[in-house]
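Undergrad:
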Amino acid sequence: MISIIGSGKVGSAIAFLIAATSLDDIVLVNRNKEKAQGAALDISNAVSVDSPVSVIGTDDYSKIKNSEVVIISVGSGILANSRMELVGSNIILIKDVAKKIKKYCQDSKILIVTNPLDVITYVFQKEVSHPKEKVIGIAGNLDSSRFRYILAKELNTDVSKITNAMVLGEHGDTMVPIFSHARYNGKPVLDFLSTTQVQQITDNVRNY
């Protein structure tokens with residue numbers, strides 16, 4: 002079973018992808034029970050009627066007991082100009098979630114999506130006392146995928162033509178796209194980009 006804490010846009014999208022691939026049964030948790038149930042119903046109706054996967058929505062954390070994986074995508078819903086502006090409100094939320102995870106899912110693998118990602122992942126790990134290798138922030142892979150997409154768009158090509166696009170550092174304003182490593186049709190992308198384009202792409206990746 003895979004549990005997803007937070008049934009907003011991100012949580013619901015993740016749940017749909019899991020259900021569409023029949024990966025595992027899903028529990029969607031939200032403070033608003035009706036919202037969780039509505040999202041679960043929409044997902045269930047959208048996937049194949051022959052799907053073996055069940056999707057339930059709830060506000061009851063006991064339903065996530067013994068989940069193999071827990072994905073955390075809770076958020077305060079506050080509009081912010083940067084990820085770090087969310088730190089105060091989202092730390093309060095994540096500490097509350099951590100108490101529930103510690104009670105019901107002591108052996109689960111935890112994937113964290115909530116921003117500011119690096120801070121939230123660190124705080125969560127300290128609160129639940131899980132082994133560090135079981136608490137994972139999604140930043141690196143996501144940021145690298147976004148970098149690849151933005152490069153393809155800038156070069157007016159298909160994403161498949163862009164390889165080795167990598168982003169290092171925190172998931173925020175100081176992340177570093179590694180242009181020197183990226184390739185377009187096997188050639189360095191820097192051969193095709195001006196200094197101005199490099200800076201614009203960097204800004205776009207950081208502010209995605």
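Heads up: the sequence shown begins at 2 in our numbering, then just goes up one per residue.
For glycine and all other residues, C-beta sits at the position ideal for the given N, C-alpha and C.
All values derive from a computational prediction rather than experimental measurement.
Since Ile19 is in the beta strand (DSSP E), which residue starts that stretch and which ends it?
TA: Element bounds for Ile19: not the beta strand (DSSP E) but the alpha helix (DSSP H), 10 to 21.
Undergrad: Three or more beta-carbon pairs under 8 Å between the segment 17 to 32 and the segment 118 to 134, yes or no?
TA: The segment 17 to 32 vs the segment 118 to 134: no contact.
Undergrad: May I have the straight-line CA-CA distance separating Val129 from Ile93, to the nearest angstrom?
TA: Near 14 Å, if we compare the C-alpha coordinates of Ile93 and Val129.
Undergrad: Is Gly58 helix, strand or coil when you go by DSSP?
TA: Strand, per DSSP.
Undergrad: Just to confirm my understanding: we take Lys1, look at its own chain, exclude 5 residues before and 5 after, and list those with CB closer than 6 Å. What are they?
TA: For the chain, the structure presents residues 2 to 209; residue 1 sits outside this window and is missing.
Undergrad: Helix, strand or coil: how does DSSP classify Tyr123 here?
TA: It is helical.
Undergrad: If you run the structure through DSSP and keep just helix, strand and coil, what is Leu169?
TA: Note: Leu169 maps to strand in three-state DSSP.
Undergrad: Does Lys101 come out as helix, strand or coil in the three-state DSSP assignment?
TA: If DSSP states are grouped into helix, strand and coil, Lys101 belongs with the helices.
Undergrad: Given a cut-off of 8 Å, decide if Gln198 and Glu155 are closer than it, judged by their beta-carbon atoms.
TA: Yes, Cβ-Cβ distance for Glu155 and Gln198 is below 8 Å.
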